[in-house]
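Colleague:
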Amino acid sequence: MVDVAAERERTAGSVGRHYFNAAGAGLMSDSVVETMVDHLRLEQRLGGYEAANHRADDLATVYSAAATLLGAAAHEIACFDSATTALRAIFDALRLGEGDTVIAPRSSYVSQALRLLTLKRYSGVHLEVIPTDATGAMDLQALDYALATASGRVVISAVHIPTSSGLVEPIAEISALGRRFGAITVLDATQSVGHLDIDVRALDIDALVSTGRKYLRGPRGTGLAYVRTGMLDGLGGWAPDVRGSVWTSAEEWTMEAGARQLETWESSVAARLGLGVALNEAISRGQTVTESYLVNFGVRLREGLAAIDGVEVTDPPASLSGLVTFTVNDIAGKQVSALLREARIDSIAVPASHAQWDLGARGIPSIVRVSPHVYNNEDDAVALLDRVTDIAQSGGAR
Ligand SMILES: Cc1ncc(COP(=O)(O)O)c(C=O)c1O
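Using UniProt numbering, the first residue of the sequence shown is number 1, and each one after it goes up by one.
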């Protein structure tokens with residue numbers, strides 16, 4: 001069971017408002033913030049390099065903690081400043097070109113979709129966007145067909161939970177199909193790490209990326225990747241950096257065997273240490289405990305919202321997550337979100353331009369997204385549902 005009172009006690013931001021934006025940036029615990037502030041003070045006194053040396057052991061535990069959380073080995077973890085940078089580093093390293101194929105779901109995030117469209121337009125990569133089935137998830141029969149007919153090297157750019165709905169894609173089934181056809185599966189787990197119980201071996205994926213600031217409740221400017229041992233073998237580094245490479249002679253260099261070869265030297269050490277604390281807090285709470293609390297919270301909110309006249313829950317049937325999306329009459333998502341903020345309720349509006357293959361394809365211009373975490377309680381749920389009822393009844397008038 002989640003000890004919600006204890007989570008609120010150690011999360012200053014949960015007091016005095018109803019914060020429902022973990023899918024944007026989850027509230028950091030007090031110890032995550034204190035760790036970062038302490039490190040900045042150490043840098044102030046000792047200088048950046050000396051301060052980092054002092055915390056070398058704690059920096060190493062960021063990798064082991066991420067590995068423990070995801071069921072990976074520490075050398076399979078790399079740290080970045082965002083999920084997008086991590087995804088770009090992995091796709092760059094794959095060096096896809098003319099005749100290769102990327103298969104993507106309708107749930108793809110804007111930045112990755114644009115990256116794939118760029119590969120298609122400028123590098124001759126064949127891009128296959130798979131339709132959804134009746135549950136809203138990737139249609140596995142269509143995926144099977146796309147894999148069977150794909151040319152060149154084939155990469156599945158999978159998504160666990162999108163930005164635009166509470167959908168949970170069937171990742172184990174997707175990667176198993178990919179495996180059957182020799183495809184590589186790279187998973188965008190930005191909305192699911194720290195939210196759902198994830199084990200990279202059970203999912204049998206080749207790589208995974210996530211951000212630190214959402215359900216992991218780490219600081220902004222952090223991201224991480226899991227890259228399966230051996231996946232990068234023989235690819236040659238795309239952008240060797242002093243962090244993971246050694247320049248051995250005038251025209252030669254060697255690269256680290258592990259995922260760290262994708263990293264760059266510079267980073268915010270304070271933020272990385274904060275991420276380490278957040279990872280350890282997620283591990284001690286337990287992934288299954290967190291998942292069941294958040295998924296049940298999602299069910300509670302969807303039921304409450306669906307009962308309000310004028311509200312439409314826009315999550316597809318396969319939405320077994322704590323991320324909830326809806327519309328109110330035909331009021332723009334941004335306006336609903338602003339009206340909620342007046343009542344100290346934090347949500348966010350997601351426009352179709354963040355998810356053209358999903359919201360755009362469904363003809364929905366924008367949705368309101370609410371995303372609870374373990375610091376949210378029943379009072380928060382009631383405040384949200386009451387305010388949405390007011391907005392629906394007043395037609396969005398102030
Ligand atoms: C599904 C998904 N993938 C990727 C990202 C990008 O994460 P980042 O901002 O850390 O690059 C987001 C951000 O909202 C997202 O929702």
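For each residue, glycine too, the CB sits at the ideal point set by N, CA and C.
If we ignore side chains and look at the alpha-carbon of each, how far apart do ASP197 and PHE80 end up?
Modeller: Distance between the alpha carbons of ASP197 and PHE80 is about 22 Å.
Colleague: At a cut-off of 7 Å, is ASP188 close to ligand 1 when judged by its beta-carbon and the heavy atoms of the ligand?
Modeller: At least one heavy atom of ligand 1 sits closer than 7 Å to the Cβ of ASP188.
Colleague: Taking 7 Å as the cut-off, is the C-beta of SER111 nearer than that to any heavy atom in ligand 1?
Modeller: yes
Colleague: Check whether the stretch 80 to 98 touches the stretch 163 to 177, taking contact to mean three or more Cβ pairs, one atom from each stretch, closer than 8 Å.
Modeller: They do not touch, by the three-pair rule.
Colleague: Could you tell me the alpha carbon to alpha carbon distance between ILE156 and LEU232, rounded to whole angstroms?
Modeller: 16 Å
Colleague: I'd like the span of the alpha helix (DSSP H) that includes ARG88, first residue to last.
Modeller: 83 to 94
Colleague: Let me know the secondary structure DSSP gives residue 402 once reduced to three states.
Modeller: Here the chain comprises residues numbered 1 to 398, so residue 402 is not present and cannot be evaluated.
Colleague: Tell me which residue opens and which closes the beta strand (DSSP E) that VAL186 is part of.
Modeller: For VAL186, the uninterrupted beta strand (DSSP E) run begins and ends at 184 to 188, by DSSP.
Colleague: What residues in its chain sit with their C-beta under 8 Å from that of GLY182, if we drop five residues either side in the sequence?
Modeller: VAL154
Colleague: Say yes only if the C-beta of VAL129 is nearer than 7 Å to one or more non-hydrogen atoms of ligand 1, and no if none qualify.
Modeller: Distances between the C-beta of VAL129 and the heavy atoms of ligand 1 are all 7 Å or more.
Colleague: Count the other CB atoms, across all protein chains shown, that sit within 10 Å of the CB of ALA56; report buried if there are 16 or more and exposed otherwise.
Modeller: exposed
Colleague: Give a single yes or no on whether VAL159 has its beta carbon closer than 7 Å to a heavy atom of ligand 1.
Modeller: VAL159: yes, Cβ under 7 Å from ligand 1.
Colleague: Which residue wins for smallest C-alpha separation from SER192, given the options THR85, GLU252, VAL32 and ARG213?
Modeller: ARG213
Colleague: With a threshold of 7 Å, establish whether the CB of GLY223 neighbours any heavy atom of ligand 1.
Modeller: yes
Colleague: Whose C-beta lies closer than 7 Å to the C-beta of ALA22 among residues of the same chain, with five residues either side of it excluded?
Modeller: LYS214, TYR215, SER371, PRO372 and HIS373
Colleague: Please identify the residue among ALA271, SER347 and ASP199 whose C-alpha is closest to the C-alpha of ASP380.
Modeller: SER347
Colleague: Considering GLU252, what are the terminal residues of the alpha helix (DSSP H) in which it resides?
Modeller: Note, GLU252: premise wrong, no alpha helix (DSSP H); beta strand (DSSP E) at 252 to 255.
Colleague: Could you name the residues of the same chain whose beta carbon sits closer than 8 Å to that of VAL289, not counting the 5 residues immediately before and after it, in chain order?
Modeller: MET1 and VAL2
Colleague: Just mark ARG369 as buried or exposed, buried being the case when its beta carbon has 16 or more other beta carbons within 10 Å.
Modeller: buried
Colleague: Is it buried or exposed for residue 399, if we count other Cβ within 10 angstroms and need 16 for buried?
Modeller: Residue coverage of the chain in this structure runs from 1 to 398, which leaves residue 399 outside it and unanswerable.
Colleague: How far does the alpha helix (DSSP H) with THR290 in it reach, from first residue to last?
Modeller: Where THR290 is concerned, the enclosing alpha helix (DSSP H) stretches over 287 to 306.
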